[in-house]
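**Student:**
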Amino acid sequence: MSVTAARGFAASGVSAGIKDSGAPDLALVVNRGPSDAAAAVFTSNRVQAAPVRWSRRVTGDGALAAVVLNSGGANACTGPAGEDDARAMAERTARALCVAEQVAVCSTGLIGVRLPMDRVTAGIDTAAAELSEDGGESAAIAIKTTDSVHKTAVASGPGWTVGGMAKGAGMLAPGLATMLVVLTTDADVSAPALDSALREAVRTTFDRVDSDGCMSTNDTVLLLASGASGVRPDPAGFAEAVHGVCLDLALRLVADAEGASKEIEVRVVGAASEPDAVTVGRSIARNNLLKCALHGEDPNWGRVLSAIGTTSAVFDPDRIDVSINGVRVCRDGAAGEPRDKVDLSGREVTVTVDLRSGDASATIWTNDLTAAYVHENSAYSS
C-alpha cells in the first residue's frame, strides 16, 4: 500500500491532463494526524526548481499536512511565474485540506516549461475528492516519468509502520538523484528525530545511487509522521526501518535506470576513511569506459584501477585488489585470476575494491551504459 501502509494517511493519483499521453500525472498524500511532524532533504544543485524552493520554506518548522506532486513538468527554470505556480498548487490543495504553509509541492518532468495550471488545479480538486486509505499505489503510479514501473516499499516495527513511494529512472546522481520520494510513518516521532533518521538514511542510500553522474533540480525526499499508532518507537529501531525503506527504494531506482541491463554494486573496503571509500566508489561508478565494458560482459579491471587513480584517496597502487562477481581479477595492482572465470551473464554485478589502506568502507550503486540509454536521452527533451 505504499505511503498509505502507515495509519493516518490517505492518497490518490489521477490523470489531470498534464501529460499528452493521458497517463496519471498528479498525486496527493495527506497526513490526517493526530501528529503533523515532518522532515525533508532536497537537491544540492544550485539551480533549484520552484517547488523545491517552496517546500524548503514550508518544511522549515518541521510540520506538514499534505504533499501535492505532479509528473509531466518540472516547473524548474520558469522564473517568478513558476514560483507563483508552485504556491498556487499549495493553495489549491489547502483549499480542500489545510493551509498552504502546510503543503509541500513536488514536480518532475521537462525543465524550462510552465505547467498547464488550469489542468493542474482541476486535477488537484479531483485528487482531493478521490483520497483513500488504499490510494498509495495510485499515487506512486502518478509520479512516474520515464520510470517503467512504480516504486513502493514498506517496513514495520512493534505496532508501527514506515511506508514509501519513489520515482526516478535517469539523471540519477548524488545530492540526491533525480527522485521524488515520500515516506510516511504512523509512529509517534518528533520532527527532530525524523530529521535525524532521514538524513542518516539518505546519506547511505539515495545519496549513494550514481547512475549517470547527472544531478537534478527537483530532488525531494519527505518523511511525514501521523502518530496514529500512538507508539513511540525505539529510536534505533525506527532509524533502521527508515533506512530499510530508503535502501529498498534506492535499489529500485537503480534497477529501473534508463536503458540499463546491469545493476552494478561497487563495494570499496580497506579505505583510510569513509570519504575516501565514497570518493573511490563514485569514481568507479561514473567511469563510462567501465560501464560500457560491463555492458559488454567484459571484466575489464584495468578501467577500475584507472578510475581509482584519478582520486585523492589514500592508497598504494601496488597493493590494490579488485574482484568482479567474486573473482579476484586484480591482485596487488596487477593481473590476478583469469578474466574468463568471471560470469557476467546475469543482471547483477558486484565490483569489490580493497585499497588495503585502512578499515573504512562504502558502497555505491550504479548501472551499465547502453545504447538504449543514449537513445532514450536523445529522444526525450530534458
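For the sequence shown, the residue numbers in my numbering are 30 to 411. In this text, a Cβ means the ideal position worked out from N, Cα and C, and glycines have one as well. Since the model is a prediction, treat every value here as computed from it, not as a measurement.
1. Are the beta-carbon atoms belonging to G299 and A389 less than 9 Å from one another?
2. So, under 8 Å CB-CB, V132 and A117 are touching, yes? Tell me the CB distance rounded to an integer number of Å.
3. Keeping to the same chain, check which residues put their C-beta closer than 7 Å to that of A39; ignore five residues upstream and five downstream.
4. Can you tell which of L144, V96, T137, V134 has the C-alpha that lies nearest to the C-alpha of A110?
5. For K291, which residues of its own chain have a beta-carbon under 7 Å away from its beta-carbon, when the five flanking residues on both sides are left out?
6. Tell me C135's beta-bridge partners as DSSP assigns them.
7. To which residues does DSSP link L212 through a beta bridge?
8. Could you tell me the distance, in whole angstroms, from the CA atom of D305 to the CA atom of D285?
9. Evaluate N317 with the Cβ neighbour count: other Cβ atoms within 10 Å of its Cβ, from every protein chain shown; 16 or more gives buried, anything less gives exposed.
10. Establish whether the CB of A69 and some CB of chain D are separated by less than 9 Å.
11. Let me check understanding here. Comparing Cα to Cα, which of I353, L334, S352 lies closest to F344?
12. Please determine if the stretch 35-55 and the stretch 146-158 are in contact, where contact requires at least 3 C-beta pairs separated by less than 8 Å.
13. Tell me, please, which residues DSSP counts as bridged to S352.
14. Assuming A171 and P53 make a contact with CB atoms under 8 Å, what is their CB distance in whole Å?
15. Does the separation of the CB atoms of I153 and A78 fall below 9 Å?
16. Tell me where the beta strand (DSSP E) around T155 begins and ends.
17. Helix, strand or coil: how does DSSP classify T72 here?
18. Measure the CB-CB distance between R237 and W394 and report whether it falls below 9 Å.
19. Just verifying my parser: in three-state terms, what is the DSSP assignment at K436?
20. Please confirm whether V382 and R368 have their CB atoms less than 9 Å apart.
21. Does the Cβ-Cβ distance between A254 and D277 come in under 9 Å?
22. Could you tell me which of L251, A289, S64, A182 sits nearest to V403, measuring between CA atoms?
23. Considering just the uninterrupted stretch of the beta strand (DSSP E) at I293, what are its terminal residues?
24. Would you kindly work out how many angstroms separate the C-alpha atoms of G193 and D347, rounded to a whole number?
25. Leaving out five residues before and five after V178 in sequence, what residues of the same chain have Cβ atoms less than 7 Å from its Cβ?
26. What would DSSP say about K180, mapped onto helix, strand or coil?
27. Enumerate in chain order the residues of its own chain whose CB-to-CB distance from L373 is below 6 Å, with the five nearest sequence positions on each side excluded.
28. What is the rounded straight-line gap between the Cα of A105 and the Cα of P80?
29. Mind reading off the beta-carbon distance from L209 to L252? Whole number of angstroms is fine, and I expect it under 8 Å.
30. Considering Cα atoms alone, identify which of R296, E112, T107, A158 is closest to V142.
31. Apply the 10 Å Cβ neighbour rule to R75 and answer buried if 16 or more other Cβ atoms are within range, or exposed otherwise.
32. What are the boundary residues of the alpha helix (DSSP H) that L57 is part of?
33. Can you tell me the Cβ-Cβ gap for N247 and A103, rounded? I've got them flagged as a contact below 8 Å.
34. According to DSSP, is G266 part of a helix, a strand, or is it coil?
35. Could you give the first and the last residue of the continuous beta strand (DSSP E) run that contains T233?
**Tutor:** Judging by the given coordinates:
1. Yes, these two residues count as a Cβ contact at 9 Å.
2. Between A117 and V132 the Cβ distance is about 11 Å, and since that is not below 8 Å, they are no contact.
3. Around A39: T33, V59, R61, L160, S161, E162, G164.
4. L144
5. L323, H324, R376, V378, N396, D397
6. For C135, DSSP records a beta bridge to L98.
7. In DSSP, L212 forms a bridge with G193, L252.
8. 28 Å
9. exposed
10. Here there is only one protein chain, and chain D is not present.
11. L334
12. yes
13. R357, T381
14. 4 Å
15. no
16. Here T155 belongs to no beta strand (DSSP E); instead the alpha helix (DSSP H) covers 146-158.
17. coil
18. In this structure, W394 lies closer than 9 Å to R237 by Cβ.
19. This structure leaves residue 436 out entirely; the chain is present only between 30 and 411.
20. Contact: no.
21. In this structure, A254 lies away from D277, with their beta-carbon atoms at least 9 Å apart.
22. A289
23. 292-300
24. 45 Å
25. D285
26. Of the three classes helix, strand and coil, the one that applies to K180 here is strand, per DSSP.
27. If we look at L373 and ignore the five residues flanking it on each side, its Cβ neighbours are E326.
28. 8 Å
29. The pair is not a contact, with the Cβ atoms about 13 Å apart (cut-off 8 Å).
30. T107
31. exposed
32. Where L57 is concerned, there is no enclosing alpha helix (DSSP H), although the beta strand (DSSP E) it sits in stretches over 55-60.
33. 5 Å
34. helix
35. Here T233 belongs to no beta strand (DSSP E), and DSSP marks it neither H nor E.
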